[in-house]
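What follows is a set of notes on a single structure, which appears directly below.
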Amino acid sequence: MAKNLVIVESPAKAKTIKKFLGTNYEVMASNGHVRDLPKSQLGIDVNNDYEPKYITIRGKGELLAKLRKEVKKANKVFLATDPDREGEAISWHLFQTLKLDKNNTSRIAFNEITKNAVKNSIKQARDIDMNLVDSQQTRRILDRMVGYSISPVLWAKVKRGLSAGRVQSVTLRLICDREEEINAFVPEEYWNLEANFQVKGDKHPLIAKFNGKGNSKIVISSEEEMNQILKNLENAVYKIIEIKKSERQKKAPLPFTTSTLQQEAAKTLNFSTSKTMSLAQQLYEGVDVKGHGTVGLITYLRTDSVRISEEADTAAREFIGETYGKEFIASQEEGKESKKRIQDAHEAIRPTYVTLTPVQVKESLSRDQFRLYQLIWKRFVASRMQPAKYETTTVKIDGNGYRFSTSASKLIFEGYMSVYTTDEDQEQNKTLLKDLSEDSELTLKELNKSQHFTQPPAHYTEASLVKTLEELGIGRPSTYAPTITTILARRYVVKENKNLYITELGEIVNNIMKKSFSSIVDVNFTANLESLLDSVEDGTVNWKTVIRNFYPDLDEAVKLAEKELEEIKIEDEETDVICEECGRNMVIKYGPHGKFLGCPGFPDCRNTKPYLEKIGIPCPICGKDIVIRKTKKGRKYYGCENNPECEFMTWQKPSKEKCPKCGGYMLEKGTKLVCNDEKCGYVAVNK
Numbered sequence: 001m002a003k004n005l006v007i008v009e010s011p012a013k014a015k016t017i018k019k020f021l022g023t024n025y026e027v028m029a030s031n032g033h034v035r036d037l038p039k040s041q042l043g044i045d046v047n048n049d050y051e052p053k054y055i056t057i058r059g060k061g062e063l064l065a066k067l068r069k070e071v072k073k074a075n076k077v078f079l080a081t082d083p084d085r086e087g088e089a090i091s092w093h094l095f096q097t098l099k100l101d102k103n104n105t106s107r108i109a110f111n112e113i114t115k116n117a118v119k120n121s122i123k124q125a126r127d128i129d130m131n132l133v134d135s136q137q138t139r140r141i142l143d144r145m146v147g148y149s150i151s152p153v154l155w156a157k158v159k160r161g162l163s164a165g166r167v168q169s170v171t172l173r174l175i176c177d178r179e180e181e182i183n184a185f186v187p188e189e190y191w192n193l194e195a196n197f198q199v200k201g202d203k204h205p206l207i208a209k210f211n212g213k214g215n216s217k218i219v220i221s222s223e224e225e226m227n228q229i230l231k232n233l234e235n236a237v238y239k240i241i242e243i244k245k246s247e248r249q250k251k252a253p254l255p256f257t258t259s260t261l262q263q264e265a266a267k268t269l270n271f272s273t274s275k276t277m278s279l280a281q282q283l284y285e286g287v288d289v290k291g292h293g294t295v296g297l298i299t300y301l302r303t304d305s306v307r308i309s310e311e312a313d314t315a316a317r318e319f320i321g322e323t324y325g326k327e328f329i330a331s332q333e334e335g336k337e338s339k340k341r342i343q344d345a346h347e348a349i350r351p352t353y354v355t356l357t358p359v360q361v362k363e364s365l366s367r368d369q370f371r372l373y374q375l376i377w378k379r380f381v382a383s384r385m386q387p388a389k390y391e392t393t394t395v396k397i398d399g400n401g402y403r404f405s406t407s408a409s410k411l412i413f414e415g416y417m418s419v420y421t422t423d424e425d426q427e428q429n430k431t432l433l434k435d436l437s438e439d440s441e442l443t444l445k446e447l448n449k450s451q452h453f454t455q456p457p458a459h460y461t462e463a464s465l466v467k468t469l470e471e472l473g474i475g476r477p478s479t480y481a482p483t484i485t486t487i488l489a490r491r492y493v494v495k496e497n498k499n500l501y502i503t504e505l506g507e508i509v510n511n512i513m514k515k516s517f518s519s520i521v522d523v524n525f526t527a528n529l530e531s532l533l534d535s536v537e538d539g540t541v542n543w544k545t546v547i548r549n550f551y552p553d554l555d556e557a558v559k560l561a562e563k564e565l566e567e568i569k570i571e572d573e574e575t576d577v578i579c580e581e582c583g584r585n586m587v588i589k590y591g592p593h594g595k596f597l598g599c600p601g602f603p604d605c606r607n608t609k610p611y612l613e614k615i616g617i618p619c620p621i622c623g624k625d626i627v628i629r630k631t632k633k634g635r636k637y638y639g640c641e642n643n644p645e646c647e648f649m650t651w652q653k654p655s656k657e658k659c660p661k662c663g664g665y666m667l668e669k670g671t672k673l674v675c676n677d678e679k680c681g682y683v684a685v686n687k
């Protein structure tokens with residue numbers, strides 16, 4: 001009979017660990033959390049120093065009964081949940097729910113599911129870290145307070161079940177702010193000039209870009225300026241005045257953190273953040289690999305550290321030396337990281353066995369599992385390799401005092417790029433300029449001018465949003481994916497061609513949050529709360545202190561919002577659209593996807609229609625009214641009411657004003673009116 005019981009979260013993890021521990025150990029899974037705050041109420045006693053009221057999660061009774069039965073048989077219980085705050089909290093909840101004896105219960109944690117890591121963790125078993133538990137409790141209680149206090153206000157305002165969240169609402173604000181920035185953006189004109197030269201004795205053309213005059217850079221901002229420069233270049237004699245050759249290095253990338261893995265998987269594999277995390281969880285917990293049994297293929301997937309254990313670093317260097325050659329191994333200084341024990345949660349995401357190459361495990365993995373494992377494996381191996389080396393040639397050309405330049409690079413040592421390359425790396429590998437000297441004779445073939453306009457900031461993608469959240473200190477590795485999943489599921493935001501766009505519903509919710517709960521959606525406030533959670537984890541701040549300082553202000557804001565929002569509550573607005581079923585005038589209503597037309601006779605009459613809001617501006621193509629429309633996913637745009645006969649559409653609001661320069665229609669962009677035709681470029685103040 002097994003003398004020891006090990007409790008983990010998932011059956012897959014249990015199966016992998018069981019293989020390492022033998023017959024003296026029984027391994028069981030809790031299937032995630034076993035206790036939580038009740039769904040039907042706040043679950044926090046605000047009158048009793050904010051004590052949380054935990055209850056057993058519905059459906060866990062039978063599982064807990066089995067666990068209690070095994071606990072009675074065991075001499076020793078090991079709680080082996082994930083090595084982070086949430087994992088620590090799950091262990092604590094198991095300890096409380098199963099009424100475990102502190103004398104024969106230990107907490108073990110490992111960053112990778114390998115034989116050595118699991119066995120070492122048992123040797124270094126410890127008590128539950130209550131600082132970690134308290135930090136997670138604080139996060140959970142803060143999130144519950146925000147969600148359960150503000151969501152009813154949104155419900156009352158927008159009339160249907162919506163939600164607010166501590167991190168979710170700030171993320172929504174970031175996307176709204178970016179959308180406003182894009183809509184208000186006014187493009188600025190600029191011109192480029194390229195010179196096409198023929199070098200005597202060389203068939204290939206030499207193309208150089210205009211830089212300026214002498215050592216001063218010139219930005220050409222109008223066609224008039226361009227024509228003046230072209231006039232000054234008439235009959236110019238062109239001469240190479242400098243050829244500079246140099247060698248540069250491109251450093252190997254760091255191994256993946258949660259954030260960088262999500263970003264790179266989005267860019268190169270087109271994975272959503274939630275898909276990346278789901279696949280990574282499978283690779284971490286264990287996959288059946290032919291010839292090896294169940295293997296945990298990667299280390300723990302929630303981390304913000306680039307540290308690598310000494311054991312893994314050594315194994316990677318040996319592998320690189322044997323596979324690629326010793327000259328490819330990075331110097332110790334480049335790969336040096338802080339030294340901590342292997343169970344430390346803060347290690348980068350890497351393969352558990354570097355010798356298990358993607359090719360070896362391909363047949364055992366699904367297509368997407370393989371692609372993600374390959375990405376992680378290549379990035380890790382590359383991180384332990386020498387930089388790539390380029391030979392760069394830069395050529396400067398003078399004509400009547402004006403300067404042109406061109407440069408090219410040639411890869412002379414692949415280094416880490418023999419394993420891992422990005423699109424950017426591929427673009428940089430250009431052919432060297434051959435047989436050029438300062439005496440080379442140049443003949444100008446042509447000067448090519450081109451007009452351009454500055455572009456607005458890009459819409460957020462999941463990858464760029466994760467990067468921004470990390471840079472601003474909003475949320476933590478475990479929160480990025482669920483936060484983005486939530487705002488998409490609530491239809492506050494839609495995703496089209498990787499880009500995230502705000503919906504009408506998202507705008508409404510964000511405006512309410514900014515008006516009534518400005519501190520909750522304040523980026524700095526949210527980032528400071530994350531720092532406080534870190535301080536709770538460190539043991540320098542009491543977790544109850546954070547709650548005591550947070551809740552009274554939130555409660556006051558909620559009461560004020562309830563009072564104010566009741567005064568400005570949106571009533572159903574009657575329209576001139578007649579209900580075909582009962583003859584009443586239909587009214588404007590709000591639903592989860594924004595405005596729609598509904599019959600005031602509900603529930604007797606359930607007729608509804610899409611609401612097409614006229615903006616009082618005629619269509620520039622056919623003269624009929626322009627209305628606000630939405631894409632299938634809910635993104636707002638302006639189109640003709642005569643669609644599909646008239647195909648007019650624009651993302652920005654059109655203006656009644658005509659462009660005085662070209663006669664085209666104008667768009668409202670913040671305080672400016674901008675001609676729709678970029679080539680015209682006319683800009684005026686929006687009065």
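Residue numbering for the sequence shown follows this note's numbering, beginning at 1 and increasing consecutively.
Each residue gets a CB set at the ideal place from its N, CA and C atoms; glycine is no exception.
Buried or exposed for residue i, going by 16 or more other Cβ atoms inside 10 Å?
{"i": "T114", "result": "buried"}
{"i": "S366", "result": "exposed"}
{"i": "L5", "result": "buried"}
{"i": "S149", "result": "buried"}
{"i": "E678", "result": "exposed"}
{"i": "M277", "result": "buried"}
{"i": "I80", "result": "For the sequence presented, residue 80 should be read as Ala rather than Ile. Looking at its Cβ environment, which holds 16 or more other Cβ atoms inside 10 Å, A80 is buried."}
{"i": "K630", "result": "buried"}
DSSP on residue i, reduced to helix/strand/coil?
{"i": "A408", "result": "strand"}
{"i": "C582", "result": "coil"}
{"i": "H452", "result": "strand"}
{"i": "E347", "result": "coil"}
{"i": "Y353", "result": "coil"}
{"i": "N48", "result": "coil"}
{"i": "C176", "result": "helix"}
{"i": "I150", "result": "helix"}
{"i": "R384", "result": "coil"}
{"i": "W191", "result": "strand"}
{"i": "T422", "result": "coil"}
{"i": "D127", "result": "coil"}
{"i": "T575", "result": "strand"}
{"i": "S246", "result": "strand"}
{"i": "L301", "result": "coil"}
{"i": "P618", "result": "strand"}
{"i": "S655", "result": "strand"}
{"i": "E645", "result": "coil"}
What does the alpha-carbon distance come out to for the pair residue i and residue j?
{"i": "P618", "j": "P654", "result": "9 Å"}
{"i": "L532", "j": "T479", "result": "16 Å"}
{"i": "K72", "j": "R317", "result": "47 Å"}
{"i": "E225", "j": "T650", "result": "32 Å"}
{"i": "T258", "j": "A481", "result": "10 Å"}
{"i": "S216", "j": "Y665", "result": "39 Å"}
{"i": "G335", "j": "D82", "result": "Confidence at G335 is low in this model, with a pLDDT of 44, below 50, so its placement is unreliable and no value can be given for it."}
{"i": "M130", "j": "K514", "result": "35 Å"}
{"i": "D459", "j": "R178", "result": "The residue you asked about is not Asp; residue 459 is His in the sequence shown. Approximately 7 Å, taken between the alpha carbons."}
{"i": "Y238", "j": "E194", "result": "13 Å"}
{"i": "L297", "j": "A125", "result": "24 Å"}
{"i": "W155", "j": "T485", "result": "20 Å"}
{"i": "K244", "j": "S409", "result": "12 Å"}
{"i": "A684", "j": "E189", "result": "15 Å"}
With which residues is residue i paired in a DSSP beta bridge?
{"i": "M226", "result": "In DSSP, M226 forms no bridge with anything."}
{"i": "V255", "result": "It is Pro, not Val, that sits at residue 255 in the sequence shown. Note: P255 sits in no beta bridge, so no partner."}
{"i": "E504", "result": "Paired residue(s): none; E504 is not in a bridge."}
{"i": "G291", "result": "Its beta-bridge partners do not exist; DSSP assigns none."}
Starting from the Cα of residue i, find the closest Cα among the options and give me that residue.
{"i": "K498", "options": "N528, I520 and A463", "result": "A463"}
{"i": "L230", "options": "L444, A266, L154 and R629", "result": "L444"}
{"i": "E310", "options": "I588, A117 and P552", "result": "A117"}
{"i": "D435", "options": "A12, L206 and L505", "result": "L206"}
{"i": "E322", "options": "M385, W155 and C622", "result": "M385"}
{"i": "T503", "options": "E86, I175 and I90", "result": "I175"}
Within 7 Å of any Cβ in chain D, is that where the Cβ of residue i sits?
{"i": "E264", "result": "Within the model displayed, chain D is absent; a lone protein chain is all it includes."}
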